[in-house]
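Take a look at the structure set out below.
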Amino acid sequence: MEKFKDHIYDWLIELEENKAAIFLNDCEIENNYIDTLFSMGSDIETYMSEVIVNVPLKLHRKLAEYSKETSAIESAISESAQSSGNYIRDISWRPYLKNEHNKESEKKTDEITKILTHEYVHKQIRLMNNSIVNNPHLALGISKELIETCCKHILSEEGIELNKEWDVAKLVKETNKQIDLMPFQVENVELAKSSVAKILGGFSNIVHGITELRNSYGTGHGHSPEFVSLDKIYTKLAVAASSELAIFYLSLKQLKDQKSS
411 MEKFKDHIYD
421 WLIELEENKA
431 AIFLNDCEIE
441 NNYIDTLFSM
451 GSDIETYMSE
461 VIVNVPLKLH
471 RKLAEYSKET
481 SAIESAISES
491 AQSSGNYIRD
501 ISWRPYLKNE
511 HNKESEKKTD
521 EITKILTHEY
531 VHKQIRLMNN
541 SIVNNPHLAL
551 GISKELIETC
561 CKHILSEEGI
571 ELNKEWDVAK
581 LVKETNKQID
591 LMPFQVENVE
601 LAKSSVAKIL
611 GGFSNIVHGI
621 TELRNSYGTG
631 HGHSPEFVSL
641 DKIYTKLAVA
651 ASSELAIFYL
661 SLKQLKDQKS
671 S
């Protein structure tokens, strides 16, 4: 069902329903097929289904406070189905215990780190950019998590055992040791490699700074009512840095895949 959730997520982002997209990120969606319908005078099939949105228990108890978000999600589900000529008979919201889903969540994270895709990276970058002005704390949180995901993917592919004690800066350092820079078609190849290595080394410090900002001003911890978000100019800097590093890692992966195919 992950593809269905991703589709609804993209639908919300396209409509600039960022808060609803953020809410959806914490949920799981089931799209259960019920029956096949046929229109009078037409042999075109229409699929009827019921959708269940599983919400973490803590959020479900406060579901009334998220009426705008849930309404936007329901509209996105219905509109998406209509665009495909399908029919959603019912949308229900059910609570679930996150602790019971820990193993499933870990499995989901593993799947993401194994399949670093263009769609995943650019979806996260799009959400970061859309959040800079209205949700800078979210943008900072995603910027850190995106780099973490990219690094874990590369290290896993190289067969490197991940140490749970490693922070993101350490993950970047270890990742940079493993990446295979593509051949340079320039004079003085060693100088080019050395220069790029210095740039990548500098990203370790940059990521450390992003982590500190995320811990103080991002989604990593709760905030007091007097909390003031970081100015968007600094959030934009963090987002730009993490985006460029993620795209660089993704591009290297794609080149490596093309080379080996």
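Its first residue numbered 411, the sequence shown is counted upward by one per residue in the numbering used here. Here a beta-carbon is modelled for each residue, glycine too, at the ideal position from N, C-alpha and C. No experiment lies behind these values; they were computed from the predicted model shown.
On a Cα-Cα basis, can you pick out the residue from the options that is closest to residue i?
i: G569; options: L662, E555, Q588, E600; result: Q588
i: S481; options: R499, A430, E460, V461; result: A430
i: Y530; options: I439, W576, K415, K669; result: K415
i: N441; options: I657, E460, K468; result: E460
i: M458; options: Y443, K472, L610; result: Y443
i: I542; options: S488, D667, V649; result: V649
i: P505; options: L537, M538, K468; result: K468
i: S566; options: K669, F433, K663, E424; result: K663
i: K642; options: N428, L548, W576, H470; result: L548
i: F613; options: E597, S653, K646; result: S653
i: L422; options: H470, K472, I483; result: I483
i: L647; options: I535, N496, L572, S493; result: I535
i: A607; options: E622, E597, N586; result: N586
Quick one: Cα of residue i to Cα of residue j, how far?
i: L655; j: V465; result: 33 Å
i: I564; j: W503; result: 37 Å
i: E584; j: S485; result: 44 Å
i: S488; j: V463; result: 13 Å
i: L610; j: N435; result: 31 Å
i: V599; j: S605; result: 10 Å
i: I620; j: Y644; result: 10 Å
i: K413; j: E479; result: 20 Å
i: S477; j: L537; result: 21 Å
i: E424; j: F433; result: 15 Å
i: H528; j: A474; result: 36 Å
i: K574; j: R471; result: 32 Å
i: L572; j: K562; result: 8 Å
i: N496; j: N428; result: 25 Å
Please return the same chain residues whose Cβ sits closer than 6 Å to the Cβ of residue i, not counting the five positions on each side in sequence.
i: R624; result: L550, G551, K554, G630
i: A491; result: I498
i: V617; result: I557, V578, A579, V582
i: Y659; result: C560
i: L601; result: none
i: A651; result: I616
i: E597; result: none
i: I657; result: none
Please list, in chain order, all residues of the same chain as residue i whose beta carbon is under 7 Å from its beta carbon, the five residues on each side excluded.
i: H417; result: S490
i: S634; result: Residue confidence is low: S634 scores 48 on pLDDT, short of 50, so the model does not pin down where it sits. No coordinate-derived value is stated.
Just to confirm my understanding: we take residue i, look at its own chain, exclude 5 residues before and 5 after, and list those with CB closer than 8 Å. What are they?
i: S420; result: The sequence as given places Asp at residue 420; Ser does not occur at that position. Same-chain partners within the cutoff: K533.
i: E426; result: N540
i: D500; result: E460, V461
i: W576; result: E584
i: S493; result: none
i: E622; result: none
i: Q668; result: none
i: T523; result: Its pLDDT being 44, under 50, T523 is placed unreliably in this model, and the value from its coordinates should be taken loosely. Closer than 8 Å at the Cβ level, and outside the excluded window around T523, lie T559, K562, H563, S566.
Cβ of residue i less than 9 Å from any chain B Cβ?
i: S488; result: The structure shown contains no chain B, having only a single protein chain.
Practice task
Entirely within the segment 454 to 512 and at least 4 residues each: give me those alpha helix (DSSP H) ranges in chain order.
Solution key: 467 to 470, 477 to 493
Problem - Entirely enclosed beta strand (DSSP E) segments - the segment 536 to 587, minimum 3 residues - result: none
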